[in-house]
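K.L.:
Residue numbers (my numbering): 555 to 832.
#1: Suppose you measure from the CA of residue 699 to the CA of residue 615; what does that come to, to the nearest Å?
#2: Ends of the alpha helix (DSSP H) at residue 635?
#3: Using only alpha-carbon positions, find the residue among 596, 639, 601 and 780 that is nearest to residue 735.
#4: Grab me the residues of residue 534's own chain with a C-beta within less than 8 Å of its C-beta, minus the 5 sequence neighbours each way, in chain order.
#5: Quickly, what does DSSP pair residue 706 with across the bridge? List them, please.
#6: Let me know the secondary structure DSSP gives residue 832 once reduced to three states.
#7: Suppose you measure from the CA of residue 670 to the CA of residue 783; what does that come to, to the nearest Å?
#8: Go ahead and pull the three-state DSSP assignment for residue 778.
#9: Can you look up residue 783 in the DSSP assignment and give me helix, strand or coil?
#10: Determine, using beta carbons only, whether residue 754 comes closer than 9 Å to chain B.
#11: Just list the beta strand (DSSP E) runs in the segment 666-742, keeping only unbroken ones of 3 residues or longer that don't cross its boundaries, in chain order.
#12: What span of residues does the beta strand (DSSP E) with residue 773 cover, start to end?
#13: At the level of alpha carbons, what is the spacing between residue 640 and residue 694?
#14: What do you reckon, are the CB atoms on residue 665 and residue 590 nearer than 9 Å?
#15: Express the C-alpha separation of residue 749 and residue 715 in angstroms, rounding to a whole number.
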């Protein structure tokens with residue numbers, strides 16, 4: 555499909571949520587955001603986001619899934635305002651004036667902080683899919699406008715697909731942006747910066763792929779992987795063999811042996827329940 559990236563994503567998510575398999579096309583880059591300035595040594599301040607993560611992200615759950623304590627954050631007026639102020643700070647910046655590394659960290663942090671803010675606005679809720687401004691059931695908030703940067707209104711889909719996926723073309727983006735769901739890659743416990751970007755992207759990929767919600771090989775002909783590898787197949791390669799090759803890049807030795815011996819078709823699953831503490 556061509557046209558508005560947000561509209562393309564809305565159509566894609568409609569079919570995906572209806573249970574119909576499809577592959578999301580890689581969107582054309584929104585060239586408005588393509589400018590950068592490697593000569594600018596300035597960095598953005600993500601300390602407020604780090605404080606929120608330190609205070610409310612629970613990383614010790616036995617499931618291995620990071621959970622976010624939305625209820626506790628809602629109960630703390632000062633930290634609630636800290637999150638709101640951080641989002642305002644980000645939206646006052648023009649990322650095009652910064653280096654590419656600063657930009658990528660900016661967009662990932664903005665996406666993740668916005669997602670938390672969106673959930674807080676409707677909490678308690680069983681799934682982020684129940685939060686939306688339209689009439690389509692389970693459409694989620696991804697095509698609702700939730701930010702304004704450099705004079706441009708933005709949705710979560712604009713940020714992920716029109717900017718991050720389109721401009722960086724790095725499959726590890728899927729391990730960095732968090733959709734507030736149990737099936738999603740973990741929300742990182744550290745705010746992204748230009749300095750830690752590569753390390754966090756690599757760690758996120760390794761953590762997800764070596765967890766059963768990312769990959770579970772049951773036997774040589776039966777393997778269940780995250781629906782991310784179906785929805786965004788183009789980012790991981792053209793075929794299932796390409797997906798397996800991507801998984802092998804990050805698989806720990808035991809999983810690598812299982813994947814190398816796998817000789818079947820992949821099946822896909824995703825858990826949309828909210829990533830709140832149990």
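Ideal Cβ placement from N, Cα and C applies to all residues, glycine included. Only a predicted model underlies this, so the values are computations on that prediction, with no experimental measurement involved.
P.N.:
According to the structure shown:
#1: Our two residues, residue 699 and residue 615, have alpha carbons roughly 33 Å apart in a direct line.
#2: Its alpha helix (DSSP H) spans residues 631-646.
#3: Minimum Cα distance to residue 735 is reached at 780.
#4: The structure shown has nothing for residue 534, since the chain only spans 555 to 832.
#5: 703, per the DSSP bridge assignment.
#6: Three-state DSSP puts residue 832 in coil, outside helix and strand.
#7: So the two alpha carbons sit approximately 24 Å from each other.
#8: In the three-state scheme derived from DSSP, where H, G and I count as helix and E and B as strand, residue 778 is classed as strand.
#9: Note: residue 783 maps to helix in three-state DSSP.
#10: Of the chains in the structure shown, none is chain B; there is only one protein chain.
#11: Entirely contained in the segment 666-742, the beta strand (DSSP E) runs reaching 3 residues are, in chain order, 699-703 and 706-709.
#12: The continuous beta strand (DSSP E) containing residue 773 extends over residues 769-773.
#13: Those two C-alpha atoms are separated by around 23 Å.
#14: Their beta carbons are not under 9 Å apart, which means residue 665 does not touch residue 590 by this criterion.
#15: Residue 749 has its alpha-carbon roughly 23 Å from the corresponding atom of residue 715.
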